[in-house]
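A.B. asks: Residues in the sequence shown are numbered from 811 upward in steps of one, following the working numbering. For each residue, glycine too, the CB sits at the ideal point set by N, CA and C. Input: one structure, supplied below.
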Amino acid sequence: MDLREEFPSGILVVEAAHHADALDLLAVGTSDAVYVIQATPNHLTRLATFHLGAQVCAISFSPQTVSPTVSSEPILELVCATSDFGLHLLSKEGSEETIFDFGGGLTGHHASVSALTFCGGAERYVASASADHMLIIWDLSPQLDIPSTFSTSPSPSPARNQPTAYPIPFPHPLTALSSHPRSDKDLLISDSRGTLYLLDWRSERGATDTILSRRATLSLTFPRALASPDAHATGAGSAAWARDNMDLVCAAYGGSFAVWDVSELKGGAPVWTAEACKGGVRRIRFASGAVPYIALVPLRAPAELHIHSAAFPGAAPAVLTLGRAPLRVTDFDFVDEMRPQGDDGEMVDGEERRSVDVASGRGPRVAAAVGRSLLVFWVGEE
């Protein structure tokens, strides 16, 4: 069943929650607000609205988030970045919505934030990547007592210490960042020149806190990105991790993409390369499941979603048209299925994060933004 929700302004960011207790939640970022949506099989329900007054650039859900499907006392917590280079911790318990601002001034980024992710397997640490060549690890619960300033919270909230920032410089602007649910120390980072880093962010900090002292456990280069004037002209680049297989990473630069299996690098060569979208790729994502799917959206109009199956790497992608030009897909994400709980109240092991409904024969479930509309649908379902 296709679901659709309209918003007051154009949607810029779509991010799904991928933690076991919040798999049916989505966050939508617009030109001035973040909306949290519950996506059940038949309905889209708004759970919270956080007004920020600036364009939203990136969003990440906290592992602490709990869906109303799981508990009668849901908890919403996420972090977002806005176009004024600020970061905001958004939370809601009961009926109280709170916005905690941080990351401004000298301690934060000085260019657009391209990606955010919670890391460390808990809600304490957040990583942010930016076009200012910096990766910053934020400790949201520091021991230092630095008073907060400039709060946009709609209601009074208890004083909270300002997060501590641990910056890590990179040689080029950063375009993508993600953590993995099976690791509390590794980050996948990509830059605008076609390099992917697997970084152990919890390693000891030396006197010179650089990417080398942080033990970049692996560095991969996409050769086509180095030679592609289109990739450099757009400044675009996107990368993703397969959530149910830590060895699989993919990246898109210019009009092509590549997939690496880090358990069998064989000199760093990708196991799969293919042409993607003419004019560049805006976003690339992995879908979880028995057969991995990779989806991409073009940088420009029309509004299309290109889906590749790892089972048939040489086949042409399935192209889904979601709107005519000048509309385009501004962002999308795969929505994992919320599995029924067992008798002990726990999810069946390995079944908690599955985008592909194998039993029904359907493909992955997708949430995509086209203009002011959020579309949620199963791929392959009429």
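Kindly give me the distance between the Cβ atoms of Leu1132 and Leu1115, rounded to whole angstroms, as I take these residues to be in contact under 8 Å.
C.D. replies: Here the question's residue 1132 lines up with position 322 in the sequence shown. Here the question's residue 1115 lines up with position 305 in the sequence shown. 6 Å between Cβ atoms; contact.
A.B. asks: Going by alpha carbons, who is nearest to Ala830 out of Arg1175, Asp1146, Gly1173?
C.D. replies: On the sequence shown, position 20 is the one that residue 830 refers to. If we check each option's Cα against that of Ala830, Asp1146 comes out closest.
A.B. asks: Quick check on Val1186: does DSSP put it in helix, strand or coil?
C.D. replies: Position 376 of the sequence shown, counted from the first residue, corresponds to residue 1186. Strand at Val1186.
A.B. asks: Can you name the start and end residues of the beta strand (DSSP E) that Phe860 belongs to?
C.D. replies: Within the sequence shown, the letter at position 50 stands for residue 860. Looking at the DSSP string, the run of the beta strand (DSSP E) that includes Phe860 is 854-861.
A.B. asks: Does DSSP put Gly915 in a helix, a strand or coil?
C.D. replies: In the sequence shown, the residue the question calls residue 915 occupies position 105. Reduced to three states, the DSSP call for Gly915 is helix.
A.B. asks: Quick check on DSSP: helix, strand or coil for Val1072?
C.D. replies: For the purposes of this step, residue 1072 is identified with residue 262 of the sequence shown, where counting begins at 1. The answer is coil: DSSP assigns Val1072 none of H, G, I, E or B.
A.B. asks: Could you check where the beta strand (DSSP E) with Val823 kicks off and where it finishes?
C.D. replies: In the sequence shown, the residue the question calls residue 823 occupies position 13. Val823 -> beta strand (DSSP E) spans 823-826.
A.B. asks: Pull the bridge partners of Cys890 from the DSSP assignment, please.
C.D. replies: Taking the sequence shown and counting its residues from 1, the one referred to as residue 890 is at position 80. Paired residues: Ile869, His898.
A.B. asks: DSSP state of Phe980, grouped into three classes?
C.D. replies: Along the sequence shown, one-based indexing puts residue 980 at 170. In the structure shown, Phe980 sits in coil (DSSP, three-state: anything other than H, G, I, E or B).
A.B. asks: Which one or two residues does DSSP pair with Phe910 in a beta bridge?
C.D. replies: Here residue 910 is taken as the residue at index 100 of the sequence shown, counted from 1. In the DSSP output, where bridge partners are listed per residue, Phe910 has Leu899.
A.B. asks: Around the C-beta of Val856, are 16 or more other C-beta atoms found within 10 angstroms, so that it is buried, or is it exposed?
C.D. replies: As a working note, residue 856 is residue 46 in the sequence shown. Checking the sequence shown, residue 856 turns out to be Arg, not Val. With fewer than 16 other Cβ atoms within 10 Å, it is exposed.
A.B. asks: Pick from Ile999, Ser1066, Tyr1103: whose alpha carbon is nearest that of Ala1086?
C.D. replies: Here residue 1086 refers to the residue found at position 276 when the sequence shown is read from its first residue. Out of Ile999, Ser1066, Tyr1103, Ser1066 has the C-alpha closest to the C-alpha of Ala1086.
A.B. asks: I'd like to confirm the pairing. Which residues does DSSP put opposite Glu816 in its beta bridges?
C.D. replies: Locating residue 816 in the sequence shown gives position 6, where the first residue counts as 1. In the DSSP output, where bridge partners are listed per residue, Glu816 has Ser1183.
A.B. asks: Flag this pair as yes or no: are the beta carbons of Met944 and Pro977 separated by less than 8 Å?
C.D. replies: Within the sequence shown, the letter at position 134 stands for residue 944. Within the sequence shown, the letter at position 167 stands for residue 977. Met944 places its beta carbon less than 8 Å from that of Pro977.
A.B. asks: Which same chain residues, not among the five before or five after Ser877, have their C-beta less than 8 Å away from its C-beta?
C.D. replies: Locating residue 877 in the sequence shown gives position 67, counting from the first residue. Cβ within range, chain order: Ala827, Asp831, Ala832, Leu833, Asp834, Leu835, Gln848, Pro884, Met1148.
A.B. asks: Between Asp1154 and Val880, what straight-line distance do the alpha-carbon atoms span, to the nearest angstrom?
C.D. replies: Stepping through the sequence shown from its first residue, residue 1154 is reached at position 344. Stepping through the sequence shown from its first residue, residue 880 is reached at position 70. Confidence in Asp1154 is poor, its pLDDT being 47 and thus under 50, which makes the residue's placement unreliable; the coordinate value appears in the next sentence. Their backbone Cα atoms lie some 13 Å apart in a straight line.
A.B. asks: For Pro1112, which residues from the same chain have a beta carbon less than 6 Å from its beta carbon, with the 5 sequence-adjacent residues on both sides left out?
C.D. replies: Position 302 of the sequence shown, counted from the start, is the residue given in the question as residue 1112. For Pro1112, where only same-chain residues beyond five positions count, the Cβ hits under 6 Å are Arg1134, Ala1135.
A.B. asks: Between Cys890 and Gly839, how many whole angstroms is the CB-CB distance? I'm expecting something under 8 Å.
C.D. replies: Working through the sequence shown from its first residue, we reach residue 890 at position 80. Working through the sequence shown from its first residue, we reach residue 839 at position 29. About 6 Å separates the two Cβ atoms, so the contact holds.
A.B. asks: Can you round the beta-carbon distance between Phe1144 and Ala1097 to whole angstroms, since I take them to be within the 8 Å contact cut?
C.D. replies: By 1-based counting over the sequence shown, the position of residue 1144 is 334. By 1-based counting over the sequence shown, the position of residue 1097 is 287. Their Cβ separation, rounded to whole angstroms, is 5 Å, which keeps Phe1144 and Ala1097 in contact under 8 Å.
A.B. asks: Where does Glu1085 fall in DSSP's three states?
C.D. replies: For this step, residue 1085 is matched to residue 275 along the sequence shown. Three-state DSSP puts Glu1085 in a strand.
A.B. asks: Taking only the alpha-carbon atoms, compute the straight-line gap between Tyr935 and Ala1061 and give it to the nearest angstrom.
C.D. replies: Start at 1 with the first residue of the sequence shown, and residue 935 comes out as number 125. Start at 1 with the first residue of the sequence shown, and residue 1061 comes out as number 251. Looking at the two C-alpha atoms, the distance is approximately 25 Å.
A.B. asks: According to the neighbour-count rule (16 or more other Cβ atoms, all chains shown, within 10 Å of its Cβ), is Lys902 buried or exposed?
C.D. replies: Against the sequence shown, residue 902 aligns to sequence position 92. Looking at its Cβ environment, which holds 16 or more other Cβ atoms inside 10 Å, Lys902 is buried.
A.B. asks: First and last residue of the beta strand (DSSP E) that includes Val844?
C.D. replies: Within the sequence shown, numbered from 1, the residue matching residue 844 stands at position 34. Secondary structure note for Val844: its beta strand (DSSP E) is the uninterrupted segment 843-849.
A.B. asks: How far does the beta strand (DSSP E) with Met944 in it extend, from its first residue to its last?
C.D. replies: Position 134 of the sequence shown holds residue 944. Here the beta strand (DSSP E) through Met944 covers 944-949.
A.B. asks: Does the Cβ of Ala800 have 16 or more other Cβ atoms within 10 Å, making it buried, or fewer, making it exposed?
C.D. replies: Outside the modelled stretch of the chain, which goes from 811 to 1192, sits residue 800, for which no answer is possible.
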